[in-house]
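Everything on this sheet refers to the single structure shown next.
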Amino acid sequence: MLLTGAEIIIETLIEQGCDTVFGYPGGFVLNIYDELYKNSDRIKHIITAHEQGAAHAADGYARATGKVGVVIATSGPGVTNLVTGIATAFLDSTPIVAITGNVPLSMLGRDSFQEVDSTGITMPITKHNYIVKDVKDLASIIREAFVVAKSGRPGPVLVDVPKDIQLAKCEFEPVGMLEAEPKRKVSDNFLSKCAALINASERPYIYCGGGVIAADASEEIKALSLKLGAPIGLSIMGLSSIPRDFPNWLGMMGMHGRYSSTKANYEADLIIALGVRFSDRATGDKNKFKRDAKIIHIDIDPAELNKNIDSTISSAGDIKNAVGRLLPLIEDKDRTPWQRRIDELRADEEKYAPQNVGRLTPQKIIAALQNCTSKDTIVVTDVGQHQMWTAQNYKLYKPRTLLTSGGLGTMGFGMGAAIGASVAKGKAQTVLVTGDGSFGMNLTELATAVSQNLPLRIVIMNNGVLGMVRQWQTLFFGKRYSNTTLNRKTDFVRLAKAFGAAGVRITDESELDSAMKKAFQTDGPVVIDCIIDMDENVYPMIPAGGSIEDIILN
Amino acid sequence: MRQDQFILGVIVSNHFGVLTRVSGLFSRRGYNIDSLNVSETEDPKFSRMTIIVTGDDYIKNQIVKQLSKLRDVKKVELLPADATVLREHMLIKLDIKGHSISEITEAANIFRAKVIDFNADSVTIEMTGESSKLDAFIDYAKTFGIIELCRAGALAVKRGPGALNGEYNED
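Top line first, the protein sequences correspond to chains A and S. Numbering of the first sequence is given in the working numbering, commencing with residue 1 and proceeding in unit increments. Numbering of the second sequence is given in the working numbering, commencing with residue 1 and proceeding in unit increments.
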């Protein structure tokens, strides 16, 4: 059938399994929006308050569902507003496709109104990007964009479509949804080398990252852990991959990781690293991290092997497949002393738990929040102290239930991502834990949450300061609080009401549980403004580039 | 070739933007390109790049893997310095005022270079060879005075019958 470019975009999006897009209209996507109007029964469009919110929403949608998230924006400022969202998805390996309009081909390169070099700007933050210069290529490029986004290590892809391509007509044949490219597999030879290292190990430690969630490999890794008697430590991106009640769970390791998890990692004689990239936030001092321990590294992306840490052996391949094939090669071995040591570390950790009697602490807020949620609830965070408190204390039980900007550390990620997750999850409640600083960055998206009547619970840990930066200033800059004391007079409860949302303030521990419960019974979005002390710090903390020897416990 | 340099042969899709993708990857990861040459191959769908890079084994390893991730890169191979034919091409224009023409043609002959343009005041010489030979000629030419110099990046193919092999093996 003969279709216009704009019609082809809608048809290929639907064909590739997309039922919801996030975006913001504008001059050079008018034709696409006209088709969205005509096809509103087949594809839902969520308009945000700002393109950045739309990009984070597509990202949140993708993280929550595992599907490709889609965002549409106009040329020029539409594209530049997407940039932070695309980079966030790139650093955390989330599959999104961004469709952007551009000026007509004949106007390109002339600094036309609302023209920027969209593919040039997004080149270093996408897996691949395209500018469509012939309508005959449009359908195949959009299809390829979906395949690239979800294949191998997932990531964002941008397709720039000049206005005249949206208007031009060509023949269109539907092809059906395309599968991701087959994942590479590690060799038998590599697995037998892994088995030899594992079978010889007295103190193995499994270290899981976001790649485990992407590979859906949680069950295989739990089986490996039980067979080995090995504890499992997690990066923040891998935090939801292993349930909190799993017996060998040790939790997050690294800069703000749990004492037991980081310490056990340093005492291990073998680190089995799965779907991680050894981020500097997780490893600290690379040499001390490596010591004389053996390291096995498996990741879907070959470029991650020996990039940040030299491993003993490494291979690129699908983790689910690799660990599944590794299991039968593992010999039974008694590792009771190592398990006893892990129990000791767990017990030690209790000693360092914050006491904080009689005041509203972040830990108590997280506990009250936990009482109101289920194992399926998706929790989204922004970036800063509240993010670490959530990562340390909120108990996760299922993959894809914690959405957080781990790699880029994007303040302002939360509102958009929570909207995307909430749209994906329908009537189920979605939670955003944020700080007054992060919330301030993209709080305009409250308008989107209200217009969609999303059951979104927004918990603000409000300390009136940029807490994480302040913490560094406290510890490393002689308490010179340069530009981190906000002195704002924003009333978040009234702000919520102005946006048409509900709002409640919690200032005292005594009202915490009942106020939280009540907030969760509200229909539609609700802002829960929790006032905490500005000198609450995140502990443990290993200063940047440090090791377990430098850990600050409280 | 210095000890800390290496040669990459790269086959890429022959369309716009590919050079930017490749050079952008080098700059954002902080790798130095010493020279880069690109042109269409016998199959117009593909171009071939020859890239000379300075770096240690870590950089060498990362560059090959990062390049392999680019959608437009079809093959990447590290060409062994001791089993690769490497050639550079140069056009150099010399000021010959006060010198005899035979002086310069003689030198060109010794270096197996060709005079391709000539007038009373200047001579333009074309020269092909390994970098060190070109360097030596440039050094000598300074006695005349160099008006301008245009030097292409190195071209490289492996010795023997084999073509560029891009098979990646991670084990």
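Think of the CB as a built atom: it goes at the ideal place given N, C-alpha and C, for glycine as much as any other residue. In this text the structure is predicted, and so the values were computed from the model without any measurement.
Item                                                                                                                                                                                         : Value
Counting C-beta neighbours from all protein chains within 10 Å, is the total for Lys-497(A) 16 or more, i.e. buried, or is it exposed?                                                       : exposed
If we ignore side chains and look at the alpha-carbon of each, how far apart do Pro-243(A) and Leu-197(A) end up?                                                                            : 27 Å
Nearest chain B C-beta to Lys-60(S) closer than 7 Å, yes or no?                                                                                                                              : Note that chain B does not occur in the displayed structure, where the protein chains are A and S.
Given 8 Å as the limit, is there contact between the segment 103 to 118 of chain S and the segment 150 to 167 of chain S, that is, 3 or more CB pairs closer than that?                      : no
Taking Thr-20(S) as the query, report the chain A residues whose CB atoms sit under 8 Å from its CB, ordered along the chain.                                                                : Gly-120, Met-123
Alpha carbon to alpha carbon, what distance is there between Arg-359(A) and Val-83(A)?                                                                                                       : 40 Å
For a contact defined as C-beta to C-beta under 7 Å, what are the partners of Val-147(A) on chain S?                                                                                         : The premise fails here: Val-147(A) is roughly 10 Å from chain S at the closest Cβ pair, so nothing lies under 7 Å.
Within this structure, are the beta carbons of Val-21(A) and Val-70(A) separated by less than 7 Å?                                                                                           : yes
What residue range does the alpha helix (DSSP H) around Ile-142(A) cover?                                                                                                                    : 135 to 150
Between the C-alpha atoms of Val-276(A) and Thr-283(A), what's the straight-line distance to the nearest angstrom?                                                                           : 11 Å
Return the first residue and the last residue of the alpha helix (DSSP H) that Lys-263(A) is part of.                                                                                        : 259 to 267
Give me the subset of the segment 290 to 313 of chain A whose CB atoms are less than 8 Å from a CB atom of chain S, sorted by chain position.                                                : Asp-301, Pro-302, Ala-303, Leu-305, Asn-306, Lys-307
Going by CA-CA distance only, name the one from Phe-413(A), Leu-454(A), Thr-430(A) that's closest to Gly-440(A).                                                                             : Phe-413(A)
Decide if the segment 251 to 266 of chain A is in contact with the segment 304 to 321 of chain A; the criterion is three or more beta carbon pairs, one per stretch, under 8 Å apart.        : no
Here's the rule: buried if 16 or more other CB atoms are within 10 angstroms of the residue's CB, otherwise exposed. What is Arg-48(S)?                                                      : buried
Between His-128(A) and chain S, is there a C-beta pair that is closer than 7 Å?                                                                                                              : yes
At a CB-CB cut-off below 8 Å, which residues of chain A make contact with Arg-28(S)?                                                                                                         : Pro-124
Mind checking Arg-258(A): buried by the 16 CB within 10 Å criterion, or exposed?                                                                                                             : buried
So if DSSP puts Glu-88(S) in a beta bridge, which residue, or which two residues, is it bridged to?                                                                                          : Gly-129(S)
Based on Cα-Cα distance, which residue from Ile-131(A), Gln-52(A), Thr-490(A), Glu-51(A) lies nearest to Val-18(S)?                                                                          : Ile-131(A)
From Ile-272(A) to Glu-220(A), what distance separates their C-alpha atoms?                                                                                                                  : 13 Å
Can you find a CB in chain A that lies within less than 7 Å of the CB of Lys-65(S)?                                                                                                          : yes
Can you pull the chain A residues whose beta carbon is under 9 Å from the beta carbon of Lys-114(S), in chain order?                                                                         : Result: empty, since nearest Cβ-Cβ is about 39 Å, beyond 9 Å.
Would a C-beta distance cut-off of 7 Å place Val-323(A) and Ala-230(A) closer than the cut-off?                                                                                              : no
Alpha carbon to alpha carbon, how far is Val-29(A) from Tyr-539(A)? Give it in angstroms, no decimals.                                                                                       : 48 Å
Touching or not, the segment 367 to 380 of chain A and the segment 342 to 354 of chain A, by the rule of three or more beta carbon pairs under 8 Å?                                          : no
Write down every uninterrupted run of the beta strand (DSSP E) in the segment 354 to 423 of chain A whose length is 3 residues or greater and which is fully enclosed by it, in chain order. : 378 to 381
DSSP on Phe-477(A), reduced to helix/strand/coil?                                                                                                                                            : coil
Is it a yes or a no for the segment 374 to 388 of chain A touching the segment 396 to 410 of chain A, going by three-plus beta-carbon pairs under 8 Å?                                       : yes
Just how far apart, CA to CA, sit Asp-529(A) and Gln-387(A)?                                                                                                                                 : 16 Å
So is Ala-347(A) buried or exposed if we call it buried at 16+ other beta carbons inside 10 Å?                                                                                               : exposed
For Arg-2(S), return the contacting residues in chain A, with the cut-off set at a CB-CB distance below 8 Å.                                                                                 : Result: empty, since nearest Cβ-Cβ is about 24 Å, beyond 8 Å.
If you compare alpha carbons, which of Gly-120(A), Gly-109(A), Asp-318(A), Asp-117(A) is closest to Ser-187(A)?                                                                              : Asp-318(A)
Name the one or two DSSP bridge partners that Ile-295(A) has.                                                                                                                                : Ile-271(A)
What are the partner residues of Pro-204(A), as DSSP defines its beta bridges?                                                                                                               : Leu-270(A)
Can you give me the C-alpha to C-alpha distance between Gly-98(A) and Ala-73(A), rounded to a whole angstrom?                                                                                : Reading off the sequence, residue 98(A) comes out as Ala, not Gly. C-alpha separation (whole angstroms): 8 Å.
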